[in-house]
Amino acid sequence: MKTEQILCSLGIEEHNHGGFAGEWIGSGPEIDIFTPIDGSRLATVSQVSEKEYDQIVDRAHAAFVEWRKIPAPKRGEVVRQLGNSLRGAKAELGALVTLEMGKIRAEGEGEVQEMIDICDFATGLSRQLYGLTMPSERPDHHMKEQWHPLGVVGVISAFNFPVAVWSWNAALAAICGDTTVWKPSERTPLTALAVTKIASEVCRKNEVDPAIFSLAIGHGSTIGERMLHDRRIPLVSATGSCRMGKRVGEVVGGRLGKSILELGGNNAIIVTPNANLELALPGIVFGSVGTAGQRCTSTRRIIVHRAIRDELVPRLITAYAGVRIGNPLEEGTLMGPLLDETSVNAFVTAQQKVVAEGGEILYGGEVLEGEGFPGGRYVRPCIASAANHFQIVQDETFAPILYIIDYGNADSSPSKAVEEMGEALQIHNDVPQGLSSSIFTDNIREAEYFLS
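Counting from 70, one number per residue, gives the positions in the sequence shown under the working numbering.
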């Protein structure tokens, strides 16, 4: 499927309005959107002005007033149909995610599948909005717990999962009787346009207000800030960096609003001497190289026992060398480009810092050029030897850099290695962020120690 076919099939035009609340608006500055695959221009989006943002929120609130009156199971039926419409456009939407963000085709379609799955999940929940009943200390009385819709929910999503994050929030908000105003990343807004068009059509078919799923594309410093301060939005769900999350929490909390924050991670895998490396190696490679290291759950650190380090690292380097890097739309590609020049610069700078702090680059790290690597955004994933206390290791770099960190004594017996798990967990937990973690071991004592 060619680029023009993908865009046309989803209603993406050369020039697009960036706001929606029942009708399309957007008279603010234009944003040119380029694909990281080869740097070519995909389309232009007109951002919403601050006045238009106010109109969008007002329309979303008006839609909320009516939407909350509809019984939850009927709201769930609308969400079910949304999931089916997304299912019908899965290939095209997945290709657009790849075009705009750069993740490989399987991951792009996988992200669309996440939207479909959450719609199915939310549909079931629409018949399970239970409340408790309980006795009261007052005679002839009992108490009843009942959940009520909250209002307009603000959703701020990041570039790396340009549509899935919206669906996690919007589908659940919808069955609860809430409406959403979505501010996607201005770096990847085309998928938001496509999904909003699909959602609006589902609403029209069901004769409900399309402003249930509203959209406001604009920069974080303008539209994002307006949303944080907006008392018409009682809940803001934001996905992004820790710096952004601190700002969201501070501003929304300052007006006694609610916030849901999904931020960075500094994720580690512990590899013990009792690990099955045939299982560990694929897990490490996918965790660290998938989405070119641009996931909040990407593996950043390998905490490996010294007794097995010299076996693991050469095999890991061999596995990295076998990763096919290139056009993410092509079959067989395992790693596509980084999003933009800023991401590439962060990748290069992080390597310089790890060396300056005393680390060593063990593999990769180059910016790839020449045939098959147009646009300057392709890199070879990096493996570096480091210490956990390095500042660059403590910080999250949104790029495919994997730090090898040792623990234990190389001469330890298997029973002694189990006792050294405490050191591995101390290293694991000694970072400011925490999101995902795992261990590879065939020893049940090590596994249970990790879990407990």
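Using N, Cα and C, we set each Cβ at its ideal position, and we do this for glycine too.
Since we're looking at a predicted model, the values are computed, not measured.
**Item:** Rounded straight-line distance, which links the Cα of residue 241 to that of residue 304
**Value:** 13 angstroms
**Item:** Contacts around residue 314, its chain only, beta-carbon distance under 6 angstroms, and the 5 residues preceding and following it disregarded
**Value:** 330, 332
**Asked** Taking contact to mean at least 3 C-beta pairs separated by less than 8 angstroms, is the segment 403-421 in contact with the segment 444-460?
**Response** yes
**Message:** Check for me: the alpha helix (DSSP H) holding residue 298 runs from which residue to which?
**Reply:** 294-298
**Request:** Go ahead and pull the three-state DSSP assignment for residue 81.
**Result:** coil
**Asked** Should the segment 205-217 be called in touch with the segment 110-129, which here means at least 3 C-beta pairs below 8 angstroms?
**Response** no
**Prompt:** Using the beta-carbon count (16 or more within 10 Å), is residue 370 buried or exposed?
**Reply:** buried
**alpha helix (DSSP H) runs wholly inside the segment 144-215, at least 4 long, in chain order** = 159-170, 174-194
**Request:** Could you check which residue in 510, 80, 70 has the C-alpha nearest to that of residue 264?
**Result:** 80
**Prompt:** What are the residues that DSSP puts in a beta bridge with residue 345?
**Reply:** According to DSSP, which records beta bridges pairwise, residue 345 is partnered with nothing at all.
**Asked** Can you list, in chain order, the stretches of the beta strand (DSSP E) that have 3 or more residues and sit fully within the segment 408-469?
**Response** 429-432, 451-454
**Prompt:** Taking DSSP as the reference, what is the three-state secondary structure of residue 515?
**Reply:** helix
**Message:** As a quick exercise: from 154, 512, 290, 76, pick the residue whose alpha carbon is nearest that of residue 484.
**Reply:** 512
**Prompt:** What separation, rounded to the nearest whole angstrom, lies between the Cα atoms of residue 306 and residue 321?
**Reply:** 10 angstroms
**Message:** Please classify residue 490 as buried or exposed, where buried requires at least 16 neighbouring CB atoms within 10 angstroms.
**Reply:** buried
**Message:** Between the alpha carbons of residue 514 and residue 344, how many angstroms are there, rounded?
**Reply:** 13 angstroms
**Asked** What separation, rounded to the nearest whole angstrom, lies between the Cα atoms of residue 368 and residue 273?
**Response** 42 angstroms
**Asked** Considering only the beta carbon of each residue, do residue 121 and residue 154 sit closer than 8 angstroms?
**Response** no
**Message:** So, for residue 191: in the same chain, excluding its five sequence neighbours on each side, which residues have a beta-carbon less than 6 angstroms away from its beta-carbon?
**Reply:** 148, 240, 241, 244
**Request:** List the residues that DSSP assigns as beta-bridge partners of residue 370.
**Result:** 337, 472
**Asked** Applying the criterion that 16 or more other CB atoms from any shown protein chain within 10 Å of the CB defines a buried residue, is residue 465 buried or exposed?
**Response** buried
**Asked** For residue 86, which three-state DSSP category applies?
**Response** strand
**Message:** Excluding the 5 residues flanking residue 487 on each side, which residues of the same chain have their C-beta closer than 7 angstroms to its C-beta?
**Reply:** 512, 514, 515
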